[in-house]
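Protein chains in written order, with the UniProt record's numbering: chain Y, 1 to 184; chain E, 1 to 102; chain S, 1 to 560. Backbone N, C-alpha and C define an ideal beta-carbon position, used for all residues, glycine too. Computed from a prediction, not measured in an experiment: that's the story for all the values here. Working notes for the structure below.
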Amino acid sequence: MAILKHGALQPNDWLTVADDAALPEGKPAVVSLDRWLKERDTLIGRNTPIGVKLKSDQSPVALKEDLERLALIVLEFPKFTDGRGYSHARTLRQRLGYKGELRASGQVLRDQYLFMDRCGIDSIEIADEAKVDGYLESLGEFSIWYQPAADRRPTVRALRAAKRTEPSGGSAVVRESVAASWAY
Amino acid sequence: MTVQVVTANRLRDGVIVWLTADLGWSEEFTESRPLRDEAEAKAALEAAGVAVKARLVVGPYLAEVDETPEGLKPNSARERIRASRLPTITPDQGSWTGRIEG
Amino acid sequence: MYRYDEFDATFVAERVKQFRGQVERRLAGELGEDEFRPLRLQNGLYLQLHAYMLRIAVPYGVLSSKQLRKLAFIARRYDKGFGHFTTRQNIQFNWPELVDVPDILDHLASVEMHAIQTSGNCIRNVTADHFAGVAPDEIEDPRVWAEIIRQWSTLHPEFAFLPRKFKIAVTGASHDRAAVKFHDIGLKMVKNEAGEIGFEVIVGGGMGRTPAIGPTIRGFLPKQHLLSYLEAVLRVYNLLGRRDNLYKARIKILVAATGTQEFARLVEEEWARIKDGALTLPAEEVARIERYFQPPAYEKLPAISTELETAKRGDATFARWLKANTHAHKVDGYSIVTISLKPEGGAPGDASADQMDLIADLADEYSFKELRVTHHQNLVLPNVRKQDLYALWQRLAAVRLANPNVGFLTDIIACPGLDYCNLANARSIPIAQRLSRRFNDFQRLEEIGELRLNISGCINACGHHHAGNIGILGVDKQGEEFYQITLGGSSKDDSSIGKIIGPAFAIDQVADAVENIVNVYLEKRTGQDERFLETFRRVGIDPFKEKVYGNSQARRPAAE
Ligand code: SF4
Numbered sequence: 001m002a003i004l005k006h007g008a009l010q011p012n013d014w015l016t017v018a019d020d021a022a023l024p025e026g027k028p029a030v031v032s033l034d035r036w037l038k039e040r041d042t043l044i045g046r047n048t049p050i051g052v053k054l055k056s057d058q059s060p061v062a063l064k065e066d067l068e069r070l071a072l073i074v075l076e077f078p079k080f081t082d083g084r085g086y087s088h089a090r091t092l093r094q095r096l097g098y099k100g101e102l103r104a105s106g107q108v109l110r111d112q113y114l115f116m117d118r119c120g121i122d123s124i125e126i127a128d129e130a131k132v133d134g135y136l137e138s139l140g141e142f143s144i145w146y147q148p149a150a151d152r153r154p155t156v157r158a159l160r161a162a163k164r165t166e167p168s169g170g171s172a173v174v175r176e177s178v179a180a181s182w183a184y
Numbered sequence: 001m002t003v004q005v006v007t008a009n010r011l012r013d014g015v016i017v018w019l020t021a022d023l024g025w026s027e028e029f030t031e032s033r034p035l036r037d038e039a040e041a042k043a044a045l046e047a048a049g050v051a052v053k054a055r056l057v058v059g060p061y062l063a064e065v066d067e068t069p070e071g072l073k074p075n076s077a078r079e080r081i082r083a084s085r086l087p088t089i090t091p092d093q094g095s096w097t098g099r100i101e102g
Numbered sequence: 001m002y003r004y005d006e007f008d009a010t011f012v013a014e015r016v017k018q019f020r021g022q023v024e025r026r027l028a029g030e031l032g033e034d035e036f037r038p039l040r041l042q043n044g045l046y047l048q049l050h051a052y053m054l055r056i057a058v059p060y061g062v063l064s065s066k067q068l069r070k071l072a073f074i075a076r077r078y079d080k081g082f083g084h085f086t087t088r089q090n091i092q093f094n095w096p097e098l099v100d101v102p103d104i105l106d107h108l109a110s111v112e113m114h115a116i117q118t119s120g121n122c123i124r125n126v127t128a129d130h131f132a133g134v135a136p137d138e139i140e141d142p143r144v145w146a147e148i149i150r151q152w153s154t155l156h157p158e159f160a161f162l163p164r165k166f167k168i169a170v171t172g173a174s175h176d177r178a179a180v181k182f183h184d185i186g187l188k189m190v191k192n193e194a195g196e197i198g199f200e201v202i203v204g205g206g207m208g209r210t211p212a213i214g215p216t217i218r219g220f221l222p223k224q225h226l227l228s229y230l231e232a233v234l235r236v237y238n239l240l241g242r243r244d245n246l247y248k249a250r251i252k253i254l255v256a257a258t259g260t261q262e263f264a265r266l267v268e269e270e271w272a273r274i275k276d277g278a279l280t281l282p283a284e285e286v287a288r289i290e291r292y293f294q295p296p297a298y299e300k301l302p303a304i305s306t307e308l309e310t311a312k313r314g315d316a317t318f319a320r321w322l323k324a325n326t327h328a329h330k331v332d333g334y335s336i337v338t339i340s341l342k343p344e345g346g347a348p349g350d351a352s353a354d355q356m357d358l359i360a361d362l363a364d365e366y367s368f369k370e371l372r373v374t375h376h377q378n379l380v381l382p383n384v385r386k387q388d389l390y391a392l393w394q395r396l397a398a399v400r401l402a403n404p405n406v407g408f409l410t411d412i413i414a415c416p417g418l419d420y421c422n423l424a425n426a427r428s429i430p431i432a433q434r435l436s437r438r439f440n441d442f443q444r445l446e447e448i449g450e451l452r453l454n455i456s457g458c459i460n461a462c463g464h465h466h467a468g469n470i471g472i473l474g475v476d477k478q479g480e481e482f483y484q485i486t487l488g489g490s491s492k493d494d495s496s497i498g499k500i501i502g503p504a505f506a507i508d509q510v511a512d513a514v515e516n517i518v519n520v521y522l523e524k525r526t527g528q529d530e531r532f533l534e535t536f537r538r539v540g541i542d543p544f545k546e547k548v549y550g551n552s553q554a555r556r557p558a559a560e
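Listed below in structure tokens is the structure:
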């Protein structure tokens, strides 16, 4: 499965490891939350990057103390209609301040990608590489947003404010309100 | 087992259609292909599945019907209304009011 | 009313373009129906019994004459010449073709309308008091807040795939006309001890399979925190609401299972984290929205119009309509007029394209070009000069739109039922038609007085049967239609859920059963000022049961 990240397809460097399998030597590995909680101390001792995969009913708050140590968190969307991952993503980014890579896996469809991006997910697994253009296109489908989220797109309030003060300080106002809206 | 027919909605315009004897689709209930046993029902649903893939119809399903000397008759309120292709209320003086059927 | 600025216009245009692309991908086979369904639903497009159905948002029921004319145009060009106003203050068209829907959405965009989030498991079109801004009992205009909520909830990236649909209603008046206790979130504007205005927040009400009257989780929410509080409620629901069972997925189930106090605590905990963040509403933003809802240029008129008084004395038919279909206005010399979409033998809430055009003309002439859609499926001209009422009534009467039955038994709420709806067990409209014929005597209706009768074609309760003084619910028995009757429901300030009277009735028995119920009420009431609901609450269900099932007219049908 390929990864779409920062506007381009990339090979997946991460190996998802089953709970009963041994971790690969020298290769970034993703383990389940259960395994992480159970083997935390040994896993922390490894020298290669480690990530954790959360099921949609598992709260990322369980990782609160470990976020600095994790290079990747994977949120599972078992069905695209299961929208819990969007709240998990915002919780990780805006409440817990997670800075590492946040990836969506499972049923990640083109028409959900933009919402995921807005909630702070910065990479997705896509099943059909041929469709990558559609995914990328979808990110630009809207230029107007009515609510702050975990991205840096200006909200319509910022755009309106900028317009009121134009031409002098337009973009500065947008920048400012974007900065303000980043805070949770 | 009771007689069944396969029905669906057409993708482009939503119109109700029935699977016909030649495995095509008709807007006329009376042209439905009667399915008299499991094997026939299964084969008809498979044909419908092909039509779904070909983006002709949406949501095909089997509906029970009565076989009478005058031909097939839908045997539930729902399928009677579908077969009539209209609500049971008809326009009257510019508004959809008036006549009640059965 | 709210007007789009360039940003809103751009947004809606982008949305139409996106949907056009989605339809193209569906037709080209890039999207299967399973993937397409939620996309079309979030644009209000259902696949119903006969055809596609497009539900168009009328934000909190406010409509301009220009918009209504556009709806008439769409009815003629893309539908069968009529539309159906719903209990969510929306309008739906029953016969559009999928391939035409993007064009219809373009037409709607040209009059600042859309169909976004009128379906799907997202935050739906916000509803409000249909007398907002003109009611004398209003603390503050709820449209301002409904608009603020509308914008915030539009394409909210976190809440597009909730466990289930989510409905919010707002009222700013002391009398609840928006059924706030029957919504996922009900907001009631209240004054606190310090005299400040804020919101009472009610969560977890609803109709459907498990009707519930929502409990209050916060008695007073300062206005500037409205959005952060809503976001906290939605986040708790998105994370904890059940997703394993469609029928247990609404927030009312979560609130009931968690307990009101614990649920409130979870919300407060989440809210504390985000309370003073980017969602806090600055006063300028509220003021900006408020400017759109400034009152129109009312004339200074005497409270009593002599023209009206003369006309009333001279024409008893007019006087009857005046009494039933007009309501007190906050400004002297003005009146609020309800146009009943419940003609004898008609389909409740249906309006033909010609009627829509005519009502749009009347709104231009008599009501500052503005209308309202009520959740009772009627239309309202909110600002009519009293001296114009007689002329207006004559115009309405000429096209059979002056039925004087607002608030009476024949002012029936009915969902589309099995005539249109894919989920229905039974038809609703024919029941409404029969009852409207049976009770077509206006003197008798007046004698019976206020009585709300609501019909749903299945347990989803779009026809609000639980909240009807008399509620009728379609049930299916081996493919045939039957009707269960409930008594004692109400969605007003004295909210309650109707109780089932007994075994269900065949379609031909319903009108007799209702007649018997009404007769018991007339017999038992202490006087004309004891409403049906009060009598029912006083005497209980038994006398009704006895009459309905003990009577030879209504044979006792087979047990459930
Ligand atoms: S109550 Fe049932 S029948 Fe009526 S519109 Fe809703 S889903 Fe359809």
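Residues of the segment 79–109 of chain S with Cβ closer than 7 Å to any Cβ of chain E, in chain order: F82, E97, L98 and V99
Any 3 or more C-beta pairs closer than 8 Å across the segment 361–379 of chain S and the segment 308–323 of chain S: no
Bridge partner(s) assigned by DSSP for S/P222: S/G198
Contact list for the segment 264–284 of chain S against chain Y, Cβ threshold 7 Å: R273, I274, G277, A278 and L279
Runs of beta strand (DSSP E) lying entirely within the segment 36–87 of chain E, each at least 3 residues, in chain order: 57–68 and 71–74
Run of the alpha helix (DSSP H) containing S/D512, from where it starts to where it stops: V510 to K524
CB contact flag (S/Y298, S/V331, <8 Å): yes
Cβ-heavy atom distance, S/N245 to the ligand COA, below 7 Å: In terms of ligand content, the structure shown lacks the ligand COA and carries the ligand SF4 instead.
S/F82, DSSP secondary structure in three states: strand
Three CB pairs or more closer than 8 Å across the segment 11–24 of chain E and the segment 39–53 of chain E: yes
Which residues DSSP lists as bridging S/F166, in chain order: S/I123
Positions along the segment 476–490 of chain S whose CB lies within less than 7 Å of some CB in chain E: G479, E480 and E481
Bridge partners - Y/R46, DSSP secondary structure assignment: Beta-bridge pairing links Y/R46 to no other residue.
Check whether S/F408 and S/A324 have beta carbons under 8 Å apart: yes
Minimum length 3: unbroken beta strand (DSSP E) runs contained in the segment 93–122 of chain S: none
Alpha-carbon spacing of E/I100 relative to S/E534, whole angstroms: Model confidence at E/I100 stands at a pLDDT of 30, short of 50, so the residue's coordinates are unreliable; what they give is reported in the following sentence. Between E/I100 and S/E534, the C-alpha separation is close to 34 Å.
Against chain E: residues of the segment 24–48 of chain S by CB proximity under 7 Å: L27, G29, E33 and L47
Identified DSSP bridge partners for S/D350: S/H84
Same chain, Cβ closer than 6 Å to S/L473, five either side skipped, listed in chain order: S456, H465 and Q484
Secondary structure of E/I89, DSSP reduced to three states: coil
Candidates E/A83, E/A77, E/V6 and E/P87: closest to S/F482 by CA position: E/A77
CB of E/I81 within 8 Å of CB of S/L49, strictly: yes
For S/R437, the first and last residue of its enclosing alpha helix (DSSP H): I429 to R438
Proximity test, Cβ basis, 8 Å: S/L187 and chain Y: no
Distance cut-off 7 Å: S/F121 Cβ against heavy atoms of the ligand SF4: Note that residue 121 of chain S is Asn in the sequence shown, not Phe. No, the ligand SF4 has no heavy atom inside 7 Å of this Cβ.
Residues from the segment 128–147 of chain Y in contact with chain S, defined by Cβ distance under 9 Å: K131, G134, E137, S138, E141, F142, S143, I144, W145, Y146 and Q147
Own chain partners of Y/V178 with C-beta closer than 7 Å, once the 5 adjacent residues on each side are dropped: Its pLDDT being 46, under 50, Y/V178 is placed unreliably in this model, and the value from its coordinates should be taken loosely. R152, P154 and A158.
Residue burial classification, S/R437 (beta-carbon count within 10 angstroms, cutoff 16): exposed
C-alpha distance - S/Q92 paired with S/T86, whole-angstrom precision: 7 Å
Of the residues Y/K163, Y/R90, Y/R95 and Y/A130, the one placed nearest Y/A150, counting alpha carbons only: Y/R90
Cβ pair Y/Q112, Y/K79 closer than 8 Å: no
Min CB distance S/L423 to chain E below 8 Å: no
Proximity test, Cβ basis, 8 Å: S/A558 and chain E: Per-residue confidence for S/A558 stands at a pLDDT of 46, beneath the threshold of 50, marking its modelled position as unreliable; no derived number is given.
Supposed close pair S/L45, S/L54 - CB separation, criterion 8 Å: 5 Å
Local Cβ density within 10 Å of S/D100, reported as buried at 16 or more and exposed below that: buried
Nearest candidate by alpha-carbon position, reference Y/I144, set S/A9, S/D276 and S/G81: S/A9
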